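Visitor: Got a structure for you, written out below as structure tokens; questions coming shortly.
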Amino acid sequence: MRVAGAGWVTLLEKELLRFWKVSFQTIAAPVLTALLYLLIFSHVLESRVSVFGGQVRYTAFLVPGLVMMSVLQNAFANASSSLIQSKITGNLIFVLLPPLSPLDMYAAYVIGAMVRGLVVGLGVFVVTLVLSPGPHALAHPVWALGFAVLGSAILGTLGVIAGIWADKIDQLAAFQNFLIMPLTFLSGVFYSIQTLPPFWQALSHFNPFFYMIDGFRYGFFGLSDVAPGRSLALVAAAAIVLAGVALALLARGWKLRH
Amino acid sequence: MNAVEVTGIARRFGGVQALAGVDLAVARGEFFGLLGPNGAGKTTLISILAGLTRADRGTARILGHDVVGAYRLARRALGVVPQELVFDPFFSVRETLRIQSGYFGLRHNDAWIDELLHHLDLTHKADANMRSLSGGMKRRVLVGQALVHKPPVIVLDEPTAGVDVELRQSLWGFIRKLNRDGHTIILTTHYLEEAEALCGRIAMMKSGRIVALDTTQRLLSRFAGLTARVSAQRLPPEWTSRVRRREGSVHYVGLENYAELERLLASMRVAGIAIDELALAETDLEQVFLRIMAGSETTDETQPGIEVPET
């Protein structure tokens with residue numbers, strides 16, 4: 001009956017069940033939001049914006065940006081909202097009392113967040129396949145998947161950090177609205193940074209989200225603003241550093257254990 | 259090996275010394291009571307045992323496992339019923355228990371979960387969402403969650419707050435059975451008659467220290483005697499030092515035996531004081547508690563939030 005080390009698997013299952021039980025809100029709603037962006041922006045900009053020197057139609061260019069944006073935002077939302085809700089309602093104690101290690105907790109919350117992000121991203125992708133006609137063959141699917149997995153891991157980890165840090169929903173909303181949203185929107189979801197003035201182009205290179213989106217887009221078109229290997233290295237490094245931070249916080253019990 | 263062993267545990271929160279060096283050993287199989295007014299440090303002590311709070315100094319062990327160094331083994335050995343009525347609104351009762359079991363690495367535990375549901379009178383609510391449960395039912399689910407991994411040491415922090423009398427009786431019946439089966443029980447409660455009836459040994463805490471620690475019987479006999487509840491305008495001056503408590507014209511007078519009652523009545527007659535009403539009660543744990551709390555030397559302002567019973 002006793003299975004050593006299986007505790008984290010249950011925590012992961014709980015995390016999955018948690019968003020699955022309200023999937024209309026956690027999956028269907030963000031898919032719809034992404035579709036609205038696609039419909040509106042493609043309607044307004046399709047004939048006016050040229051990307052990658054006219055090699056890619058704007059609507060096609062927009063699809064991977066929106067998919068990745070959905071992956072990132074939902075991965076963040078899942079881990080952060082799960083933790084803050086548990087903290088506010090006090091039921092985090094059920095996770096703190098069992099013999100779960102910091103790594104157990106980290107793995108469960110982040111993998112749960114990754115699954116939510118990837119499911120929503122896949123949903124957005126599938127629906128855009130149906131809605132926007134034209135060739136959809138991915139140039140480098142493995143690269144696309146790699147960036148989606150790493151990106152969701154990074155945002156899931158940021159969600160864990162924000163969820164541990166925040167004491168109120170307010171603070172979490174601030175983290176989301178003043179950090180995650182601007183970094184996502186200014187990362188090239190809706191445009192190629194090559195169309196930006198040099199100053200903003202240079203500034204974009206300091207935005208870690210830019211490399212996730214640009215690398216992911218490379219998986220679709222084989223075209224990118226930055227060499228994909230460089231993006232991958234930067235994204236992987238960010239994932240490792242943030243994982244270290246989150247694990248250190250969990251090990252110290254910061255704001256979780258007094 | 260002791261079920262719980264605490265050595266020199268201290269913990270400060272800001273300006274408040276929640277625990278000021280506590281030593282305590284609870285043997286295996288004991289039914290142990292931890293009593294004290296609000297702010298005495300009971301919940302902090304329990305939180306340190308459970309790994310929810312870290313001590314500034316000192317060590318705590320569950321069945322010999324250090325709660326920090328060997329936290330996995332310590333937590334496996336410990337079941338805690340928290341004081342706050344918390345629940346996860348996403349899940350049903352059965353899901354809640356299955357999930358809690360899974361956290362402890364027990365993934366196929368339905369036979370025991372069914373037994374728990376039965377003993378806690380929750381079988382008919384197994385598939386109900388936690389949100390739909392009454393306070394008393396939620397409290398019982400908390401007890402179930404604490405027991406789901408069959409911990410040898412069980413800590414109940416105010417488990418019967420908000421639970422009605424009938425259910426309290428059945429809950430204690432179940433906890434007693436667990437104790438008979440060899441589980442060590444540590445209980446904090448505000449219902450002192452519960453502690454008196456259940457606990458073999460009792461520690462009383464005040465201002466982060468243990469101010470009394472003995473078997474329940476010896477604690478009671480330490481203050482053996484009677485309390486006379488006398489309704490009168492005043493008492494003869496030689497008796498005023500014996501008044502434990504006063505409510506308007508009602509005096510609670512401590513007496514060592516029945517012979518003293520006669521002396522009290524005689525001196526009242528001599529002083530010409532009319533007695534409106536008179537009642538007698540033997541010492542119970544509440545009186546012992548109040549006297550220990552009143553007598554212990556401390557700078558803390560905290561007063562016990564417990565009233566002397568109307569006897």
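Line by line, the protein sequences are chains U and E.
The first sequence begins at 1 in my numbering and counts up one residue at a time.
The second sequence begins at 259 in my numbering and counts up one residue at a time.
Note that beta-carbon positions come from the ideal geometry of N, C-alpha and C, so glycine has one too.
Keep in mind that this is a model prediction, so the values were computed, not measured.
1. Can you pull the chain E neighbours of THR89 of chain U, defined as C-beta to C-beta under 9 Å?
2. For VAL95 of chain U, go through chain E and note every residue whose CB falls closer than 9 Å to its CB, in chain order.
3. List, in order along the chain, the chain E residues whose C-beta lies closer than 8 Å to that of LEU100 of chain U?
4. Please name the residue in E:LYS464, E:ILE531, E:SER489 and E:ASP472 whose C-alpha comes closest to that of MET551 of chain E.
5. Hey, out of E:ILE306, E:GLY360, E:ASN387 and E:GLU263, whose CA is closest to PRO340 of chain E's CA?
6. Go through its chain and collect everything with a Cβ distance to LEU45 of chain U's Cβ below 7 Å, but skip five positions before and after it.
7. Report yes or no: is there a C-beta of chain U within less than 9 Å of the C-beta of GLU353 of chain E?
8. Excluding the five sequence neighbours on either side, which residues of its own chain have a C-beta within less than 8 Å of the C-beta of HIS382 of chain E, listed in chain order?
9. When the Cβ atoms of the segment 205 to 225 of chain U are set against those of the segment 100 to 111 of chain U, are three or more pairs found closer than 8 Å?
10. Starting from the C-beta of ALA75 of chain U, find all residues in its chain whose C-beta is less than 7 Å away, skip the five residues before and the five after it, and write them out in chain order.
11. Give the single residue among U:LEU196, U:GLN194 and U:SER187 whose Cα lies nearest to the Cα of PRO208 of chain U.
12. Could you round the C-beta distance between ALA162 of chain U and LEU172 of chain U to whole angstroms and report it? I think they count as a contact, below 8 Å.
13. Where DSSP assigns a beta bridge to THR442 of chain E, which residues make up the other side?
14. Starting from GLY159 of chain U, follow the alpha helix (DSSP H) in both directions and report where the run begins and ends.
15. DSSP three-state label for PHE289 of chain E, please.
16. Taking C-alpha atoms, which residue in U:LEU256, U:GLY7 and U:SER80 lies nearest to ASP170 of chain U?
17. Tell me whether GLN194 of chain U is buried or exposed, calling it buried when 16 or more other Cβ atoms sit within 10 Å of its Cβ.
18. Anything in chain U within Cβ reach of GLN358 of chain E, meaning under 9 Å, just list it in chain order.
19. Is the Cβ of VAL338 of chain E closer than 9 Å to any Cβ of chain U?
20. Using 8 Å for Cβ pairs, my map puts GLY316 of chain E next to GLY273 of chain E. What's the rounded Cβ distance?
21. Run through DSSP, which three-state label would ARG230 of chain U get?
22. Just the chain U side, please: which residues come within less than 8 Å of GLY309 of chain E by C-beta, in chain order?
23. In terms of residues, what are the limits of the alpha helix (DSSP H) holding ILE111 of chain U?
24. Between which two residues does the alpha helix (DSSP H) harbouring VAL401 of chain E extend?
25. If you count every other CB in all the chains shown that lies within 10 Å of the CB of VAL245 of chain U, and 16 or more means buried, which is it?
26. Helix, strand or coil for GLN33 of chain U? Go by DSSP, reduced to three states.
27. Let me check understanding here. Comparing Cα to Cα, which of E:LEU378, E:ALA386, E:VAL423 and E:PRO410 lies closest to VAL401 of chain E?
28. Going along the chain, which residues of its own chain have a beta-carbon closer than 6 Å to the beta-carbon of LYS255 of chain U, five neighbours each way excluded?
29. Using the beta-carbon count (16 or more within 10 Å), is THR498 of chain E buried or exposed?
30. Report the rounded CA-to-CA distance for THR26 of chain U versus HIS376 of chain E, giving the unit in angstroms.
31. Give a yes or no on whether the minimum CB-CB distance between LEU16 of chain U and chain E is below 9 Å.
32. Determine the closest residue to TYR191 of chain U out of U:VAL63, U:LEU129 and U:LEU103, with distance taken between C-alpha atoms.
33. Contact defined as beta carbons within less than 8 Å: I believe LEU478 of chain E pairs with LEU543 of chain E. What is the distance between those atoms, to the nearest angstrom?
34. Look at PHE362 of chain E and ARG334 of chain E and say whether their C-beta atoms are less than 9 Å apart.
35. Since LYS21 of chain U meets chain E, which of its residues come closer than 9 Å, beta carbon to beta carbon?
36. Nearer than 8 Å: is that true of the beta carbon of MET181 of chain U relative to any heavy atom of the ligand HEM?
Guide: Taking the coordinates as given:
1. VAL344, PHE345, ASP346 and PRO347
2. For VAL95 of chain U, the C-beta contacts it makes with chain E under 9 Å involve TYR361, in order along the chain.
3. Residues of chain E passing the Cβ test: TYR361.
4. E:LYS464
5. E:ILE306
6. TYR58
7. yes
8. none
9. no
10. ALA113, MET114, ARG116, GLY117, SER152, LEU155, GLY156 and GLY159
11. U:SER187
12. About 6 Å separates the two Cβ atoms, so the contact holds.
13. E:VAL411
14. 141 to 165
15. If DSSP states are grouped into helix, strand and coil, PHE289 of chain E belongs with the strands.
16. U:SER80
17. Exposed: under 16 other Cβ atoms inside 10 Å.
18. THR10, PHE94, LEU97 and PRO98
19. yes
20. Not a contact, Cβ separation roughly 20 Å.
21. helix
22. LEU96, LEU97 and ARG257
23. 102 to 131
24. 393 to 405
25. exposed
26. According to the sequence displayed, residue 33 of chain U carries Thr and not Gln. The answer is helix: DSSP assigns THR33 of chain U an H, G or I state.
27. E:LEU378
28. Around LYS255 of chain U: ILE164.
29. Burial call: exposed.
30. 36 Å
31. With 9 Å as the cut-off, LEU16 of chain U does not count as an interface residue toward chain E.
32. U:VAL63
33. The pair is a contact, with the Cβ atoms about 7 Å apart (cut-off 8 Å).
34. The beta carbons of PHE362 of chain E and ARG334 of chain E sit closer together than 9 Å.
35. PHE348 and PHE349
36. You won't find the ligand HEM in this model; it holds no ligand whatsoever.
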